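For reference, the structure is listed below as structure tokens.
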Amino acid sequence: MILRPFDPWKSELCTCPPKLSLNPYTGCPHGCLYCYASSYIPNFGVCRPKADLHKRLAREAIKVTPGSIVAMSNSSDPYPPKEEELRLSRGCLRILKYRKLSVQVVTKSHLVAQDARLLASMKACVAITITTLDDSISRRLEPGASLPKERILALTSLAEAGVPVSVRIDPIIPGINDQEIEGLVAAVCRAGARHITSSTYKARPGSLKRIISAFPKECAALERLFAGGHRVAGSSYLPFEIREGLMNKVREKAKLVGLTFSSCREGSVPVPGISCDGSHLLAGEKGL
94 MILRPFDPWK
104 SELCTCPPKL
114 SLNPYTGCPH
124 GCLYCYASSY
134 IPNFGVCRPK
144 ADLHKRLARE
154 AIKVTPGSIV
164 AMSNSSDPYP
174 PKEEELRLSR
184 GCLRILKYRK
194 LSVQVVTKSH
204 LVAQDARLLA
214 SMKACVAITI
224 TTLDDSISRR
234 LEPGASLPKE
244 RILALTSLAE
254 AGVPVSVRID
264 PIIPGINDQE
274 IEGLVAAVCR
284 AGARHITSST
294 YKARPGSLKR
304 IISAFPKECA
314 ALERLFAGGH
324 RVAGSSYLPF
334 EIREGLMNKV
344 REKAKLVGLT
354 FSSCREGSVP
364 VPGISCDGSH
374 LLAGEKGL
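Under the numbering used here, the first residue of the sequence shown is numbered 94, with each subsequent residue one higher.
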């Protein structure tokens, strides 16, 4: 199947609304050190287009109730460099538009801006992940992803085209980007974001070692911090008081600049009318 029900490892802390997942590509070239999908998708660093994608999607989309939410993508980026040539995600958007399905694009790539007009013509919103404004940190943490300034420019282009955009400040990693929260929220607000979704880093097999290896000085105490947390759905969590403090910091800054806020898999109950993933923007709601 190309369209699958979204199910983040049956996590009891997931509060996402019902939606379908669509991944035009298998694997991702971004090489993000914190990536969860690399722990369960073989050869994840190599981006492969799905075979007969558009034909399969057209057949399956017929069976989906109009207005249903399709998230593109949850296990890979829908805008890898290959998209400039293959246009697989653009083709998917056209099919989903024709079937009158709602779409939430989730990406770290500036290439999403090339489809701004198409996205503005359909029921769609975009969530751009921006974890830092520092290029040097980004190059170590997310070596293959678009630089932060490129993502900010893409955000602005989408917002100017009339596409509702949220930003995922996710993950927040103590010692790496936790001191950037206020500046980052302010920057994405100026660029045109309407909503912030944030989350603390949840360690999965292998990812913690990668991060500590790349940031040995900054993350000297990170492994000890996780020793005081617990595990949920295969991920190790930071202690509650640390997670709560970081999420409160994002929430307070978002409120100050007039953005809605939600957290991802942190145990918080979403505010009525505000979805944890930002998909409430599909309804055109400005929020609280």
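Virtual Cβ for every residue (Gly too), placed ideally from N, Cα, C. All values derive from a computational prediction rather than experimental measurement.
Determine which residues share a DSSP beta bridge with ALA164 and list them. SER114 and GLN197
I'd like to check one pair, GLY237 with HIS123: are the Cβ atoms closer than 9 Å? yes
Apply the 10 Å Cβ neighbour rule to MET340 and answer buried if 16 or more other Cβ atoms are within range, or exposed otherwise. buried
Candidates GLU176, SER368, VAL362 and CYS312, of which the one nearest HIS111 by Cα: His is not the amino acid found at residue 111; the sequence shown has Pro there. Minimum Cα distance to PRO111 is reached at SER368.
Applying the 10 Å Cβ sphere with the 16-neighbour rule, what's the burial state of VAL173? Here the sequence assigns Pro to residue 173, which means Val is not the residue at that position. Buried, by the Cβ-count rule.
Can you tell me whether ASP228 is buried or exposed? The criterion is at least 16 other CB atoms within 10 Å of its CB, across all chains shown. exposed
Per the DSSP calculation, CYS218 is bridged to which residue(s)? GLN197
Cβ pair MET165, LEU179 closer than 9 Å: no
Residue burial classification, LEU381 (beta-carbon count within 10 angstroms, cutoff 16): Caution applies to LEU381, whose pLDDT of 31 falls short of 50 and renders its modelled position unreliable; the value that the coordinates give is listed next. With fewer than 16 Cβ atoms within 10 Å of its Cβ, LEU381 is classed as exposed.
Tell me, please, which residues DSSP counts as bridged to VAL325. SER328
Rounded to whole angstroms, what is the Cα-Cα separation between THR224 and ARG183? 25 Å
Going by DSSP in three states, PHE99 sits in which element: helix, strand or coil? coil
SER169 and ALA130 look like a contact to me (Cβ under 8 Å); what is the Cβ gap, rounded to whole Å? 7 Å
I'd like the span of the beta strand (DSSP E) that includes ASP370, first residue to last. First-last for ASP370: undefined, no H or E at that position.
In chain order, what residues of the same chain have a beta carbon less than 7 Å from the beta carbon of CYS109, not counting five sequence neighbours either side? PHE99, CYS369 and ASP370
For ASP263, report the span of its beta strand (DSSP E) as first-last. 258-265
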